[in-house]
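Colleague: Here it is: the structure, laid out below.
Number of protein chains: 2
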Amino acid sequence: MKKALEDIVVLDLGQIYNGPYCSLMLAFQGAKVIKIEPIKGENLRVRRKGDSHELLMLNSNKKGVSIDLKSEEGKQLFLDLVKKADVVVENFSLGAMDRLGLGYEVLKKVNPGIIYASGKGYGLDGPYAERLAMDLTIQAMGGVMATTGFADKPPVKAGPALCDFLGGIHLFGGITTALYQREKTGKGQLIEVSMHDAIYPTLASALGAYYSSGGKVSQRTGNQHSGMATSPYNVYPTEDGNIAILCVADRQWHSLLRVMGREDLLADARFQTNVDRSANTKLVDEIVTSWTSNKKKLEVSDVLIEANVPHAPVLSIDEVADDPHLKYRKMIREIEHPEVGKIRVPGSPIRLSESPLEEVVAAPLLGEHTDEVLQEMLGLSEDQLKLLHQKNIIRQKEKVMQ
Amino acid sequence: MKKALEDIVVLDLGQIYNGPYCSLMLAFQGAKVIKIEPIKGENLRVRRKGDSHELLMLNSNKKGVSIDLKSEEGKQLFLDLVKKADVVVENFSLGAMDRLGLGYEVLKKVNPGIIYASGKGYGLDGPYAERLAMDLTIQAMGGVMATTGFADKPPVKAGPALCDFLGGIHLFGGITTALYQREKTGKGQLIEVSMHDAIYPTLASALGAYYSSGGKVSQRTGNQHSGMATSPYNVYPTEDGNIAILCVADRQWHSLLRVMGREDLLADARFQTNVDRSANTKLVDEIVTSWTSNKKKLEVSDVLIEANVPHAPVLSIDEVADDPHLKYRKMIREIEHPEVGKIRVPGSPIRLSESPLEEVVAAPLLGEHTDEVLQEMLGLSEDQLKLLHQKNIIRQKEKVMQ
Chain A
1 MKKALEDIVV LDLGQIYNGP YCSLMLAFQG AKVIKIEPIK GENLRVRRKG
51 DSHELLMLNS NKKGVSIDLK SEEGKQLFLD LVKKADVVVE NFSLGAMDRL
101 GLGYEVLKKV NPGIIYASGK GYGLDGPYAE RLAMDLTIQA MGGVMATTGF
151 ADKPPVKAGP ALCDFLGGIH LFGGITTALY QREKTGKGQL IEVSMHDAIY
201 PTLASALGAY YSSGGKVSQR TGNQHSGMAT SPYNVYPTED GNIAILCVAD
251 RQWHSLLRVM GREDLLADAR FQTNVDRSAN TKLVDEIVTS WTSNKKKLEV
301 SDVLIEANVP HAPVLSIDEV ADDPHLKYRK MIREIEHPEV GKIRVPGSPI
351 RLSESPLEEV VAAPLLGEHT DEVLQEMLGL SEDQLKLLHQ KNIIRQKEKV
401 MQ
Chain B
1 MKKALEDIVV LDLGQIYNGP YCSLMLAFQG AKVIKIEPIK GENLRVRRKG
51 DSHELLMLNS NKKGVSIDLK SEEGKQLFLD LVKKADVVVE NFSLGAMDRL
101 GLGYEVLKKV NPGIIYASGK GYGLDGPYAE RLAMDLTIQA MGGVMATTGF
151 ADKPPVKAGP ALCDFLGGIH LFGGITTALY QREKTGKGQL IEVSMHDAIY
201 PTLASALGAY YSSGGKVSQR TGNQHSGMAT SPYNVYPTED GNIAILCVAD
251 RQWHSLLRVM GREDLLADAR FQTNVDRSAN TKLVDEIVTS WTSNKKKLEV
301 SDVLIEANVP HAPVLSIDEV ADDPHLKYRK MIREIEHPEV GKIRVPGSPI
351 RLSESPLEEV VAAPLLGEHT DEVLQEMLGL SEDQLKLLHQ KNIIRQKEKV
401 MQ
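If you want it as structure tokens, here you go:
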């Protein structure tokens, strides 16, 4: 079969992580994604001198077009592109597109089939809608910090930008749902995803513990089970790092005892069931720690793979960046970038057996395809392009030859 | 318009969080989702005495059917259902469906249009594919723990089950993409999402810092910016909790200084630009802390909303569970459950302007709709159902009347 989204054209106004990840997933499934940036580049491009690695990670397989949407001629170019597009993605702050005169109500008049996808911090309405939102603030407001960290330390953010990415991938799901429906109705619509909404269901364990305890607010439990109801369940020290180990079935505990050489505890009443072990968590953790702490983490892992005990070494970022499994899965891809040279960018976590993924191509330089896209899609002449360049309404950055 | 997935039938073999969240999103968009569980119930149902709140959160709007898929007659019932279905969702451990004789190759012979969605820990192939995987172990292996926590404490897991949910929502996106493509080709396919793959792109900041520093592995930075390149950017103590504050533009820093009554620092050379402030982060944090620490967190928040400084109070789980914005957005829904009474379950983070969401209805009891579904979809007679019940191949739990 062809690529799943082969004939879909996406105008991508995304910036930073949320919108760009959504449109990256569209691009990997074969959509033609046109990344439209201001003349100076999107926020992530100007954050560091030169294109940041984050920008390169999230903008593979996109055409780069730079247009000043604040100018009247720029707006008209955008509206002309909307006529030929299927999807618009944006994650500006609330109201920004309306202030540009390019909100959904305007775009749908130009193209009633357009699917307009809006990624927001707190959504399009409600008491917090107008507040500034970033991954950090949504983590604070949304319960991520409250549930992360050790009881004797302040609440702490999760390392990954999970609100941005959860929001972005929900937005992707909304777009593909609307594309499916458009096949039946011919009509487009507005898709809206709030990061704050998207993070809420992920608190299932904490909310479950909260409701089932009659509204008792639990302390953060570090790496232990959030309800303190499974044991062993922790991160244990080794000579060269840490390893997460948990037993969700008694047979796994028995396997663990055997590989630890602690058959003497097999019949011990304190550890018979998970309920018993949870009541003696401190002791369980001491027993496991005394076994792990004088070994290497991968050595412990090898033994536990053999014993079929759920576990994983805590990998550091350099280990993740070189992970053989992620390489095998083509999640880590090494590609060539015209200015930066060899770079590593992610592949697609979404795999369809009959629809090939796009080969991964480096993110565009700022405006790399401005002329090409405006010629192809709008039929602009060389003279028209030249004039637009002179007025600084569009921009094209030339590739640097190596 | 009608609901987006109005005519789609989903057979949901999902358990715990990953698969069930995926099919919950399908149900909210109007798909008929049939949750098929073993005779004793899925893992999340047996975890606690009575249906756990987590189960209730993730299985609204599904029909509950209980079939023993290990029996020959149960397998045949499932295959008969597959003939009438559009999508199968499963997140069993690797190979479980094949061992049941119900793998994709078998199902597609019965129904070539079937979309078979497989949520896995490490995916269907690769060196780690056969390892046991849970949210905790993927957090360890995938770099979440490495990037979460304070430098003077061990790595720590993120509170939310982000690997489960990220995996589940990617799977939803894969399914809707395949549904779109099936409209054009008439063909189904296998969708595969690995939680380990799905978490990798969310490390963008950590990987960016790693690559741009030439491979230097950074320490965890607690609540500070992962590259220590933005200041202020932290979680600050107040009288009754904490508040996250960050300034991404100089004008925000100036606003913050004004509301803190520190206009004396407006021209201070140590704090002129973000680069200056980052070099003096410790001092910046002291200045902000001395202002926040003798106030209530919502009092600080009110001032910062007015001053347009990015921030958010760190809400505790009870505050999140009662959040007025999440209620306004209908993400927190209070519904009636026949056994439990009033419960709170999530709504849909994916909103389509023209496609109404399903009204939220409580998760089914184990096998609540077994007879109804098998009668409606397969035309089984009362006698046939009775016989299957007698043989313990299907199960129906009666609603308890209140």
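Heads up: the protein sequence lines correspond to chains A and B, in order.
Residues 1 to 402 in this note's numbering are what the first sequence lists, from first letter to last.
Residues 1 to 402 in this note's numbering are what the second sequence lists, from first letter to last.
Glycine included, each C-beta is placed from N, C-alpha and C at the ideal position.
Expressed to the nearest angstrom, what Euclidean distance is found between the alpha-carbon atoms of ASP240 (chain A) and GLY74 (chain B)?
Modeller: The residue labelled residue 240 (chain A) in the question sits at position 240 within the first sequence. The residue labelled residue 74 (chain B) in the question sits at position 74 within the second sequence. Distance between the alpha carbons of ASP240 (chain A) and GLY74 (chain B): 49 Å.
Colleague: May I ask you to list the residues that DSSP assigns as paired with ARG395 (chain A)?
Modeller: Sequence index remark: in the first sequence, residue 395 (chain A) carries index 395 (1-based). Its beta-bridge partners are A:SER66.
Colleague: Can you list, in chain order, the stretches of the beta strand (DSSP E) that have 3 or more residues and sit fully within the segment 167-252 of chain B?
Modeller: Runs found: 190-194, 233-238 and 241-246.
Colleague: So who's on the other strand from ARG333 (chain A), going by DSSP bridges?
Modeller: Counting from one through the first sequence, the residue named residue 333 (chain A) turns up at place 333. DSSP output for ARG333 (chain A) lists A:VAL345 as bridge partner(s).
Colleague: May I ask you to report which of helix, strand or coil DSSP gives ASP302 (chain B)?
Modeller: Within the second sequence, residue 302 (chain B) is the residue found at index 302, counting from 1. Three-state DSSP puts ASP302 (chain B) in a helix.
Colleague: On the CB-based measure, 16 or more other CB atoms within 10 Å of its CB, does ASN392 (chain B) come out buried or exposed?
Modeller: Residue numbering aside, residue 392 (chain B) sits at position 392 when the second sequence is read from its first letter. When all chains shown are included, ASN392 (chain B) counts as exposed.
Colleague: Along the beta strand (DSSP E) that carries ASP318 (chain A), what are the first and last residues, could you check?
Modeller: As a position in the first sequence, residue 318 (chain A) is number 318, starting the count at 1. Element bounds for ASP318 (chain A): not the beta strand (DSSP E) but the alpha helix (DSSP H), 317-321.
Colleague: When DSSP builds the beta bridges, which residues end up paired with SER118 (chain B)?
Modeller: Numbered from its first residue, the second sequence carries residue 118 (chain B) at position 118. B:GLU90 and B:GLU192, per the DSSP bridge assignment.
Colleague: Mind pulling the chain A residues with CB within less than 8 Å of GLU358 (chain B)?
Modeller: Translated into positions along the second sequence, residue 358 (chain B) becomes position 358. Per Cβ cutoff of 8 Å: no residues; GLU358 (chain B) is ~13 Å from chain A at best.
Colleague: Give every residue of the same chain whose Cβ lies closer than 6 Å to the Cβ of SER23 (chain B), excluding the five residues on either side of it in the sequence, and list them in chain order.
Modeller: As a first step, residue 23 (chain B) is located in the second sequence; it is residue number 23 there, counting from the start. Closer than 6 Å at the Cβ level, and outside the excluded window around SER23 (chain B), lie VAL10, ASP12, GLY14, VAL33 and VAL89.
Colleague: Within the continuous beta strand (DSSP E) that includes HIS369 (chain A), where are the two ends?
Modeller: To locate residue 369 (chain A), count along the first sequence from 1; it is residue 369. That residue, HIS369 (chain A), is in no beta strand (DSSP E); it is neither H nor E in DSSP.
Colleague: Residues in the same chain with beta-carbon distance under 7 Å from PRO356 (chain A), minus the five sequence neighbours each way, listed in chain order, please.
Modeller: Here residue 356 (chain A) refers to the residue found at position 356 when the first sequence is read from its first residue. Taken in chain order, the residues that qualify are LYS3.
Colleague: Report yes if the C-beta distance between VAL235 (chain A) and PRO154 (chain B) is below 8 Å; otherwise report no.
Modeller: As a first step, residue 235 (chain A) is located in the first sequence; it is residue number 235 there, counting from the start. As a first step, residue 154 (chain B) is located in the second sequence; it is residue number 154 there, counting from the start. Taking 8 Å as the Cβ cut-off, VAL235 (chain A) and PRO154 (chain B) qualify as a contacting pair.
Colleague: Hey, would you say ILE245 (chain A) sits closer than 8 Å to VAL288 (chain A), going by beta carbons?
Modeller: Translated into positions along the first sequence, residue 245 (chain A) becomes position 245. Translated into positions along the first sequence, residue 288 (chain A) becomes position 288. Yes, Cβ-Cβ distance for ILE245 (chain A) and VAL288 (chain A) is below 8 Å.
Colleague: Output the distance between the C-alpha atoms of GLY379 (chain A) and ARG45 (chain A), rounded to the nearest integer angstrom.
Modeller: In the first sequence, counting from the first residue as 1, residue 379 (chain A) sits at position 379. In the first sequence, counting from the first residue as 1, residue 45 (chain A) sits at position 45. Approximately 28 Å, taken between the alpha carbons.
Colleague: Based on the DSSP output, what are the partners of ARG420 (chain B) in its beta bridges?
Modeller: Past the edges of chain B, shown from 1 to 402, lies residue 420 (chain B), and the structure says nothing about it.
Colleague: Measure the C-alpha to C-alpha separation of LEU265 (chain A) and ALA229 (chain A) and round it to an integer number of angstroms.
Modeller: Residue mapping note: residue 265 (chain A) aligns to position 265 of the first sequence, counting from 1. Residue mapping note: residue 229 (chain A) aligns to position 229 of the first sequence, counting from 1. Whole-angstrom Cα-Cα distance: 20 Å.
Colleague: I'd like to know whether the C-beta atoms of SER52 (chain A) and VAL217 (chain B) end up nearer to each other than 8 Å.
Modeller: Residue numbering aside, residue 52 (chain A) sits at position 52 when the first sequence is read from its first letter. Residue numbering aside, residue 217 (chain B) sits at position 217 when the second sequence is read from its first letter. No. Outside cutoff.
Colleague: From what residue to what residue does the beta strand (DSSP E) around GLU105 (chain B) run?
Modeller: Reading the second sequence from its first residue, position 105 is the one you call residue 105 (chain B). It is not in any beta strand (DSSP E) - GLU105 (chain B) instead sits in the alpha helix (DSSP H) that spans 104-110.
Colleague: Please name the residue in A:ASP383, A:LEU132, A:PRO38 and A:ILE191 whose C-alpha comes closest to that of GLY113 (chain A).
Modeller: Indexing the first sequence from 1 puts residue 113 (chain A) at position 113. Ranking the options by Cα distance to GLY113 (chain A), first place goes to A:ILE191.
Colleague: How many Å lie between MET141 (chain A) and HIS254 (chain A) at the Cα?
Modeller: Here residue 141 (chain A) refers to the residue found at position 141 when the first sequence is read from its first residue. Here residue 254 (chain A) refers to the residue found at position 254 when the first sequence is read from its first residue. For MET141 (chain A) and HIS254 (chain A), the distance between alpha carbons rounds to 42 Å.
Colleague: LEU11 (chain A) by DSSP, collapsed to three states: which one?
Modeller: Start at 1 with the first residue of the first sequence, and residue 11 (chain A) comes out as number 11. If DSSP states are grouped into helix, strand and coil, LEU11 (chain A) belongs with the strands.
Colleague: When Cβ atoms are compared, which residues of the segment 98-117 of chain A fall closer than 7 Å to chain B?
Modeller: Answer in chain order: no residues at all.
Colleague: Taking 8 Å as the threshold (beta carbon to beta carbon), is VAL10 (chain A) in contact with chain B?
Modeller: On the first sequence, residue 10 (chain A) is found 10 positions in, with the first residue counted as 1. Taking Cβ atoms only, chain B never reaches closer than 8 Å to VAL10 (chain A), which makes this a no.
Colleague: Out of B:VAL314, B:GLY168, B:GLY173 and B:ALA158, state which residue places its alpha-carbon closest to the alpha-carbon of GLY19 (chain B).
Modeller: To locate residue 19 (chain B), count along the second sequence from 1; it is residue 19. If we check each option's Cα against that of GLY19 (chain B), B:GLY168 comes out closest.
Colleague: Is it buried or exposed for ASP268 (chain A), if we count other Cβ within 10 angstroms and need 16 for buried?
Modeller: By one-based count along the first sequence, residue 268 (chain A) stands at place 268. Looking at its Cβ environment, which holds fewer than 16 other Cβ atoms inside 10 Å, ASP268 (chain A) is exposed.
Colleague: Would you say VAL259 (chain B) faces chain A, with C-beta separation under 8 Å as the test?
Modeller: Here residue 259 (chain B) is taken as the residue at index 259 of the second sequence, counted from 1. Judged by the 8 Å Cβ criterion, VAL259 (chain B) is not in contact with chain A.
Colleague: Do you know offhand how far LYS157 (chain A)'s Cα is from VAL110 (chain A)'s?
Modeller: To locate residue 157 (chain A), count along the first sequence from 1; it is residue 157. To locate residue 110 (chain A), count along the first sequence from 1; it is residue 110. In a straight line, the C-alpha of LYS157 (chain A) is about 43 Å away from that of VAL110 (chain A).
Colleague: Looking only at its own chain, which residues have a Cβ that is under 7 Å from the Cβ of TYR233 (chain A), when we skip the five neighbours before and after it?
Modeller: Residue numbering aside, residue 233 (chain A) sits at position 233 when the first sequence is read from its first letter. Answer for TYR233 (chain A): GLN224, HIS225 and LEU246, listed in chain order.
Colleague: Starting from VAL288 (chain A) and walking both ways along the beta strand (DSSP E), at which residues does that stretch end?
Modeller: Locating residue 288 (chain A) in the first sequence gives position 288, where the first residue counts as 1. No beta strand (DSSP E) contains VAL288 (chain A), which is instead part of the alpha helix (DSSP H) from 281-292.
Colleague: Strictly by DSSP, which residues pair up with GLU37 (chain A)?
Modeller: Within the first sequence, numbered from 1, the residue matching residue 37 (chain A) stands at position 37. In DSSP, GLU37 (chain A) forms a bridge with A:SER66.
Colleague: What residues of chain A sit near GLN219 (chain B), judged by a beta carbon separation below 9 Å?
Modeller: The residue labelled residue 219 (chain B) in the question sits at position 219 within the second sequence. Within 9 Å Cβ-Cβ: nothing; GLN219 (chain B) doesn't reach chain A, min ~10 Å.
Colleague: For a contact meaning CB atoms closer than 8 Å, what does PRO313 (chain B) contact in chain E?
Modeller: Of the protein chains in the structure, A and B, none is chain E.
Colleague: At a Cβ cut of 8 Å, what residues of the segment 235-255 of chain A count as close to chain B, listed as they run along the chain?
Modeller: Hits within the stretch, in order: VAL235, PRO237, ASN242, ILE243, ALA244, LEU246 and VAL248.
Colleague: Using three-state DSSP, classify LYS32 (chain A) as helix, strand or coil.
Modeller: Locating residue 32 (chain A) in the first sequence gives position 32, where the first residue counts as 1. Of the three classes helix, strand and coil, the one that applies to LYS32 (chain A) here is strand, per DSSP.
Colleague: Could you run through the segment 148-174 of chain B and flag, in chain order, every residue whose CB is less than 7 Å away from some CB of chain A?
Modeller: Going along the segment 148-174 of chain B in chain order, one finds THR148, GLY149, PHE150, LYS153, PRO154, PRO155, VAL156, LYS157, ALA158, GLY159, PRO160, ALA161, LEU162, PHE165, LEU166, ILE169, HIS170, PHE172, GLY173 and GLY174 with a Cβ nearer than 7 Å to chain A.
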